[in-house]
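Protein chains in written order, with the numbering used here: chain A, -5 to 134; chain B, 94 to 206. Ideal placement from N, C-alpha and C gives every residue a C-beta, glycine not left out. Here the structure is a predicted model, which means the values were calculated and not measured. Below is one structure, written out as structure tokens; the observations come after it.
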């Protein structure tokens, strides 16, 4: 048998997602939308936090939220009570948001109408803009 | 559980590369960052399923873990952190969100026989 040889490849497996994510960040930057991606353990209060902060901020600030969930629209219904624009991303069997899902969910929204966008993730990764609480608080 | 679809993309990419170089793939070398959002064990078992009945059947997936390195604005140094839950400088405890390394999921090399 031939000696194995090592062939260097150096390819990013998640490139497709990275490209969409970069494009999204650029769109947010151009429209001056500050985006916060919320990631934390199940049951730790992401939706409760959003419920509270959306009611506090809307309508003085132009704030909106995207919420990811495996199956239901319950979270979006909870958040819609704040009257702020809210969209649910139903991921099916997937436990995280792909950048393309965020891209699709943004269809129909004009980013220029927004100052602040919360993305409630199901799990870590995908768009992951910098989560800077201090900045959000200052801003408010 | 996105590891199966990721394993399938790895198999597809490796198949394309192997075709270009000719020969049978014995092993696939991968760099996996601790912030890539991919669970190594799940990826390894998915790889077996994803590679079955392909040109890569029976090949080995060799994963190199890549630790998280952040930039500490106080020390002005790059620091390795141990937990993805605690983004603070291990020396001075300053919180930081500047990730220097640890997000990658990279197909590095193929061992071809």
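In this structure, residue 33 of chain A sits away from residue 61 of chain A, with a CB-CB distance that is not shorter than 8 Å. Residue-level contact by beta carbon holds for residue 106 of chain B and chain A, with a gap shorter than 8 Å. Annotation: the continuous alpha helix (DSSP H) that includes residue 9 of chain A extends over 9 to 24. Counting C-beta pairs closer than 8 Å gives three or more between the segment 160 to 174 of chain B and the segment 189 to 198 of chain B, which meets the contact rule. The C-alpha of residue 114 of chain A is placed about 11 Å away from the C-alpha of residue 36 of chain A. Within chain A, the residues 7 have their CB atoms less than 7 Å from the CB of residue 102 of chain B, given in chain order. Unbroken alpha helix (DSSP H) stretches of 4 residues or longer found wholly inside the segment 32 to 64 of chain A: 40 to 51, given in chain order. Bridge partners of residue 181 of chain B according to DSSP: B/188. Annotation for residue 122 of chain B: the continuous beta strand (DSSP E) segment containing it runs 118 to 126. Considering only A/107, A/101, A/51, the residue with the shortest C-alpha distance to residue 73 of chain A is A/51.
When Cβ-Cβ separations below 8 Å define contact, residue 84 of chain A makes no contact with chain B. Setting aside the 5 residues that flank it on each side, residue 143 of chain B is surrounded in the same chain by 100, 101, 104, each with a C-beta closer than 6 Å to its C-beta; the list follows chain order. Counting other Cβ atoms within 10 Å of its Cβ, residue 139 of chain B reaches 16 or more and is therefore classed as buried. In this structure, the alpha-carbon of residue 25 of chain A lies about 50 Å from that of residue -1 of chain A. In the structure shown, residue 157 of chain B adopts extended strand secondary structure according to DSSP, grouped into three states.
Take the alpha-carbon of residue 109 of chain A and the one of residue 98 of chain B: they are about 35 Å apart. Between residue 198 of chain B and residue 14 of chain A, the CB-CB gap reaches or exceeds 8 Å.
Close CB contacts of residue 182 of chain B within its chain, under the 7 Å cut and outside five residues either way in sequence, are with 165, 167, 168, 172, 189 (chain order).
Residues of chain A with a Cβ closer than 8 Å to the Cβ of residue 134 of chain B do not exist; the shortest Cβ-Cβ separation is about 16 Å. When the beta-carbon positions are compared, residue 116 of chain B and residue 178 of chain B stay at least 8 Å from each other.
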